[in-house]
Amino acid sequence: MEKISTKFTKLIYQNGNFAIFATADGFSAKGNIIDSAEMLLYEKLTLHGLMQSGKFGKTFCFERYEFERDENELFYFLHQVIGLGKKVAQNICQVVTTPLEFEELLAKSPSKLLQIQGVGKKRFEKIVQGWEKKRALRTLWEFLKPYGVTNSILLKVYEAFQDQSIAIIKQNPYAIASIKGIGFKKADSIARAMGKSVGAVSRLRTCLIYCLQNFVVAKGDTLIESEQLFQIMKDQSFVPGEFELQKEKFLEIVMHLEAMREIVQVGSFVMLSKYYYMEKMIIDTFIANKNKLKEPLFDDLEKFISEYETAENIKLSNRQKEAIKLANSGANLFAITGYAGTGKTTVSKAILQLFEKKYGKESIVCCALSGVAANRIKKQSGFRSMTIHSLLGYDNQSGGFLKNKTRPIEQKVVLLDEASMVDIFLFYSLLQAIDFENTTLILLGDPAQLPPVGAGEIFADAVSLDLVRNITLDTIYRQKEDAVIKHFAQEVRQGRVPRGYENQFSDFYFLACCSGINDSKQIQEKIVQYIKKVAQRFSKEIDELMKKDRWAALIHFQVITPMKETLLGTKNLNSVIQEVLQPLQTTQIQLQQRVFKLGDKVIHLKNKNMDVVFEDENDLDDKATKEVRVFNGQIGMIEYIDSKEDKILIYYPNENYYATYSKNDFANGVVDLAYAISGHKSQGSEYQNTVIPLTMSHYVMLNNKLLYTMMTRAKERLILVGEKKAFEIGCKRKDETRRETLMKYFKQF
């Protein structure tokens, strides 16, 4: 490893903690940073790493860095990391000039800090908390430095284990393999540098658990063939010239972990224990309730159906009537499945009204994985609705749910919408919290949607394997004679190109704006220009809606794209659309590669406890804050920016609260712009006007399941723009991916 001294003169690129800088010595430098990028500019630094040469010249790849001057480190820490104004930071640096002096001041005479002009009680607390984290990082760095740890790993370890980091690693250095983004091989190199043997049981045990979690569960499966697991583990644990896993040793480790109840062998398969017991409980619950029937709700069901049809001015199909009869039969767990446009919402509303006549409105609650889906069913059905997490009562202290087997949900009826999106963990948690002697659970979903982001495929499995009473709706209803979105989506679902898709309809437009262009970049540039025009077209409508209903404004126009990168990825399109919809807004958060403006539509991307203030309290004072879990996928808007205090408020209309963020949250990817989102992020949502770009640059992502999911997010108008060839490939390429789950094989055991 080389060591050089230099200064960073310009930040070229930053993504999270990874950054590329220009240096005063003519080469570039790249690596992970633990301080703000601004803090490092123009400072004399010692870099540790390797110099590489490429077509763009020399680049020094650093694994760590050190400041060569102590004084400015304190000023930049106070100004850039803590977010104090320059004047206040300078006032402090006139009293203490180095980090060591500052450390002594905090330890011996903290009250002196409060006497410095500009340092009030809140700023004092902010400074102390920030310094504690910085000190902990530096202490952890000193401990890990001999073992080749990079800044990136340092940050991940601290984020996972906080102040217990050193104690945990001393006890078991392989513990860091469980941290996302580190992995077994890196943890192994650190552990071996600390003296751990390549044949140690602790090493092989960690490797096997890591392989199950990262090569099985991360793919969406819950189990794997033992022989396949052996091959994966053999590759992961291999050390040239030192260690190669033998089958006998693998079987010994499997038996050892099974005895410790960390894994379970099911026939020729291996599962992590927690997934086995969760999925087994889910299977048992479905089987136990499939043939159970309580007393029917009403004798004269035909009268109810007739009254409902009259009140809603509709004619229910035979399948919809069968679904209502199923609900009336006394079944305490049943499913209603149907593809887009088959009337799931209509029939679920009828069923909920049926239960309302029996139990009253307060005894009914709807839930969904996302706040967007929960809000939609609330508006469409008129019944109380919330996220699954809210229904179960997520507890920030324990990291679990308040509602469970011993404290079940009180309501008589629970309807789970978008059930296909729910993974094994949430399905298990919901079923645990339902007393089926008292409560009926209704599952509502579309089996053609993309599977859950997490492991398992519970809803699709339960329906396809006939584990749950189910009625499938199959008639597609048109709201207008020339409305075709739902019909075209069904064609795509079945792997067919919709006939006449190039014609113009009231709700569907396909713009092949790239004919005659062969250059991929030119095609993408032309599509970007078209999307800008469409965004401009809706800008006035969005502004008007913002005055009346902020949620309606947020879902009025949405771009959904298959990828994150390229000109047609979410990153670039978000910047493009932001400039169209927010051209004059000057109140903003300025990062090196991105800008966030007051009023921007944003998405929260990491499950995280945040300080929030509920809107109905009419008080944004700190005294009114509560710690609430903000979940991945929540959509909101930036309501307030105070750069001096480093305070940004995001308002979430669905959840009815303001969450407090810092600039670092934006820099570290906790929040991103949401004018353009990926197909997976769009699941469960519905937008009035939706634009989907499709080109051959998306080739690896193109399949009918993703395309069906994206198309069915459009409520009023869908605009597909791009290459005909890409659209037709996406239609015809069937996604036959089958997740491996215990539910699919349970009859064999």
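According to our numbering, the sequence shown is numbered sequentially starting from 40. No residue lacks a Cβ here, since even glycine has one placed at the ideal position from N, Cα and C.
Beta-carbon contacts of residue i that lie in its chain and below 8 Å, excluding the five residues immediately before and after
| i | result |
| --- | --- |
| Leu336 | Ala366, Asn367, Gly369, Leu393, Phe394, Lys396 and Lys397 |
| Leu183 | Ile192, Leu193, Val196, Ile208 and Ile229 |
| Glu666 | Asn435, Asn648, Met649, Asp650 and Val651 |
| Val293 | Leu247, Ser265, Ile302, Gln304 and Val309 |
| Lys360 | Ile344 |
| Ile427 | Cys406, Ala407, Leu408, Leu455, Val461, Leu465, Ser468 and Leu469 |
Buried/exposed call for residue i, threshold 16 Cβ in 10 Å
| i | result |
| --- | --- |
| Met317 | buried |
| Phe277 | exposed |
| Asn542 | exposed |
| Phe788 | exposed |
| Arg532 | buried |
| Leu623 | exposed |
| Glu762 | buried |
| Ile326 | exposed |
| Asp260 | buried |
| Ala76 | buried |
| Gln629 | exposed |
| Thr751 | buried |
| Glu41 | exposed |
| Asp227 | buried |
| Leu332 | exposed |
| Leu153 | exposed |
| Glu449 | exposed |
| Gln270 | exposed |
| Thr445 | exposed |
| Tyr738 | exposed |
C-beta atoms of residue i and residue j nearer than 8 Å
| i | j | result |
| --- | --- | --- |
| Asn646 | Asn611 | no |
| Leu340 | Lys364 | yes |
| Gln252 | Leu311 | yes |
| Gln471 | Asn443 | yes |
| Gly380 | Lys525 | yes |
| Asn414 | Lys451 | no |
| Asn693 | Val411 | yes |
| Ala753 | Tyr726 | yes |
| Phe47 | Leu89 | no |
| Ala144 | Trp170 | Reading off the sequence shown, one finds Leu at residue 144, where the question assumed Ala. Cβ atoms of Leu144 and Trp170: not closer than 8 Å. |
| Gly96 | Lys126 | no |
| Asn130 | Ile155 | yes |
| Asn328 | Leu372 | yes |
Same chain, Cβ closer than 6 Å to residue i, five either side skipped, listed in chain order
| i | result |
| --- | --- |
| Glu105 | Thr85 |
| Ile562 | Cys553, Ile556 and Thr734 |
| Ile43 | Leu86 |
| Trp180 | Leu193 |
| Arg358 | Leu512 |
| Leu659 | Because Leu659 carries a pLDDT of 49, less than 50, the predicted location of this residue cannot be relied on, and the following value inherits that uncertainty. Contacts found: Val652. |
| Ile616 | Ala574 and Tyr714 |
| Asp64 | Thr45 |
| Gly534 | Asn743, Lys771 and Lys773 |
| Leu506 | Phe325 |
| Phe200 | Ile207 |
Close-in-space but distant-in-sequence residues of the same chain around residue i (CB under 7 Å, 5 per side omitted)
| i | result |
| --- | --- |
| Asp661 | Only weak support is given to the placement of Asp661: the predicted model assigns it a pLDDT of 47, under 50, and the value that follows is read from those uncertain coordinates. There are no such residues. |
| Ile51 | Ile59, Phe60, Ala61 and Ser67 |
| Gly220 | Lys195 |
| Asp474 | Pro447 |
| Cys100 | Lys69, Gly70, Gly88, Leu89 and Gln91 |
| Lys603 | Thr609, Lys610 and Ser717 |
| Leu746 | Val531, Gly769 and Cys770 |
Contact belief for residue i with residue j at Cβ below 8 Å, rounded distance in angstroms
| i | j | result |
| --- | --- | --- |
| Phe60 | Ser67 | 7 Å |
| Leu791 | Lys640 | Because the chain spans 40 through 788 in this model, residue 791 falls outside it and cannot be assessed. |
| Ser424 | Cys406 | 7 Å |
| Val386 | Ile403 | That belief does not hold up - the Cβ atoms of Val386 and Ile403 are roughly 15 Å apart, past 8 Å. |
| Ile675 | Tyr691 | Note on identity: in this sequence residue 675 is Gly, with Ile being the wrong assignment. That pair is a contact at about 4 Å. |
| Thr609 | Ile716 | 6 Å |
| Ile463 | Gly495 | 3 Å |
Residue-chain proximity (residue i, chain D), Cβ-Cβ < 8 Å
| i | result |
| --- | --- |
| Asn357 | Going by chain labels, chain D is absent from the structure shown, which holds only one protein chain. |
> Is it a yes or a no for the segment 578-591 touching the segment 530-550, going by three-plus beta-carbon pairs under 8 Å?
Replying inline: no
>> I'd like to know if the segment 298-311 and the segment 342-354 are in contact, where contact means that at least 3 CB-CB pairs between them fall below 8 Å.
In response: no
> Should the segment 480-492 be called in touch with the segment 451-461, which here means at least 3 C-beta pairs below 8 Å?
Replying inline: yes
>> For the segment 486-496 against the segment 715-725, do three or more pairs of beta-carbon atoms, one drawn from each stretch, fall closer than 8 Å, so that the two count as touching?
In response: yes
> Would you call the segment 594-607 and the segment 772-779 touching, i.e. three or more CB-CB distances under 8 Å?
Replying inline: no
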